[in-house]
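Visitor: Per full-length UniProt numbering, the sequence shown starts with residue 1, numbered consecutively.
Beta carbons: idealized from backbone N, C-alpha and C, even for Gly.
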Amino acid sequence: MPRSKRDKKVSLTKTDRKGLAWKQRIIEDIRVCVEKYPNIFVFQVQNMRNNLLKDLRQEWKRNSRFIFGKNRIMQIGLGRNKAEEVETGIHKLSKRLSGQVGLLFTEKSKSEVLEWAENYWAVEYARSGFKATETVTLPAGPLEEFAHSMEPHLRSLGLPTKLEKGIVTIYSDYTVCEEGKVLTPEQARILKLIGKPMAKFRLTMKCSWTKADGFQLYVEDDVQEDTAETPMEEDEDNEDDDDEDEEE
1 MPRSKRDKKV
11 SLTKTDRKGL
21 AWKQRIIEDI
31 RVCVEKYPNI
41 FVFQVQNMRN
51 NLLKDLRQEW
61 KRNSRFIFGK
71 NRIMQIGLGR
81 NKAEEVETGI
91 HKLSKRLSGQ
101 VGLLFTEKSK
111 SEVLEWAENY
121 WAVEYARSGF
131 KATETVTLPA
141 GPLEEFAHSM
151 EPHLRSLGLP
161 TKLEKGIVTI
171 YSDYTVCEEG
181 KVLTPEQARI
191 LKLIGKPMAK
201 FRLTMKCSWT
211 KADGFQLYVE
221 DDVQEDTAET
231 PMEEDEDNED
241 DDDEDEEE
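#1: Is the CB-CB distance between VAL182 and VAL101 below 8 Å?
#2: Is CYS207 near PHE105, with beta carbons less than 8 Å apart?
#3: First and last residue of the alpha helix (DSSP H) that includes VAL219?
#4: Could you tell me which uninterrupted alpha helix (DSSP H) segments, each at least 4 residues in length, are contained entirely in the stretch 146-192, listed from first to last along the chain?
#5: With H, G and I counted as helix, E and B as strand and the rest as coil, what does DSSP make of residue 290?
#6: Sorted by chain position, which residues of the same chain lie with C-beta nearer than 7 Å to LYS192's C-beta, five sequence neighbours on each side aside?
#7: With 16 as the cutoff for other CB atoms within 10 Å, does SER64 come out buried or exposed?
#8: Evaluate LYS70 with the Cβ neighbour count: other Cβ atoms within 10 Å of its Cβ, from every protein chain shown; 16 or more gives buried, anything less gives exposed.
#9: Have a look at the DSSP bridge pairing and note the partners of PHE41.
#10: Nearest to LYS36 by alpha carbon, out of ALA199, ARG62 and GLN75?
#11: So is PHE41 in contact with chain C if we call contact Cβ pairs under 8 Å?
#12: Between which two residues does the alpha helix (DSSP H) holding SER64 run?
#13: Helix, strand or coil for GLN58? Go by DSSP, reduced to three states.
See the structure below:
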């Protein structure tokens, strides 16, 4: 009997720090999910935070599965082209797996997922390299929320501080950051210490593939749909995929 598309095996010849077995497990997990769930989305992450993604995995665990790993491994799981795809047309999802993206397998309807993604966001502390969304200035005066032992550390971050009667005090107005300018590691640390979150964690649904309707694109891109049955070139991988599948 001819083998189904899902039965195809793709050889992995490269190894990395997570090993061949880990890669093969992710590929098999993806293929099991393709069979189990009726709807699949490629989502793009803005201001990735592993802790928030873990929370989402837990909240959606009953009827969905998030997979956020190396793009080239997820591409192999779905099939990188028409010859490799595990379901008809699903390789079009693989073509959108570039940058900081992941896969959502779910029993929820397309409309339900899209409405949720449109309204979901969480505020987090900005990291270095983030463009400040506002100017933050600390006026001269006491910083009573900090213990006196913190004063040397605050000073090392660039704050004009000193101890006055055992209280951490800024002796002149200090601009922590300016709107539109890229944060340094020191500025990002100060913003976290003073409790000033600035980054928005959110997911944007780029496209979907469903067993009922096939492929649908939600965010316009310049991906060329071709008929060649050659493997895709490897694209940039996610940077924060160290905890892939640890929710199980």
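Guide: In short:
#1: Mapped onto the sequence shown, residue 182 falls at position 182. Mapped onto the sequence shown, residue 101 falls at position 101. No, Cβ-Cβ distance for VAL182 and VAL101 is not below 8 Å.
#2: For the purposes of this step, residue 207 is identified with residue 207 of the sequence shown, where counting begins at 1. For the purposes of this step, residue 105 is identified with residue 105 of the sequence shown, where counting begins at 1. Contact: no.
#3: Counting from 1 along the sequence shown, the entry for residue 219 is found at position 219. From DSSP, VAL219 is part of no alpha helix (DSSP H); its letter is neither H nor E.
#4: The stretch 146-192 contains these whole alpha helix (DSSP H) runs: 151-156.
#5: The structure shown does not extend to residue 290, since the chain is modelled only from 1 to 248, so the question has no answer here.
#6: The residue you call residue 192 lines up with position 192 of the sequence shown. TYR125, listed in sequence order.
#7: In the sequence shown, residue 64 corresponds to position 64, counting from 1. Flag for SER64 reads buried.
#8: Position 70 of the sequence shown, counted from the start, is the residue given in the question as residue 70. The Cβ neighbour count for LYS70, taken over all protein chains shown within 10 Å, is at least 16; the residue is labelled buried.
#9: Position 41 of the sequence shown, counted from the start, is the residue given in the question as residue 41. Its beta-bridge partners are LEU104 and SER208.
#10: On the sequence shown, residue 36 is found 36 positions in, with the first residue counted as 1. Ranking ALA199, ARG62 and GLN75 by Cα distance to LYS36 puts ARG62 first.
#11: The displayed structure is made up of one protein chain only, and chain C is not part of it.
#12: Position 64 of the sequence shown, counted from the first residue, corresponds to residue 64. Looking at the DSSP string, SER64 is not in any alpha helix (DSSP H); the run it does join, the beta strand (DSSP E), is 64-67.
#13: Along the sequence shown, one-based indexing puts residue 58 at 58. In this structure, GLN58 counts as helix in the three-state DSSP scheme.
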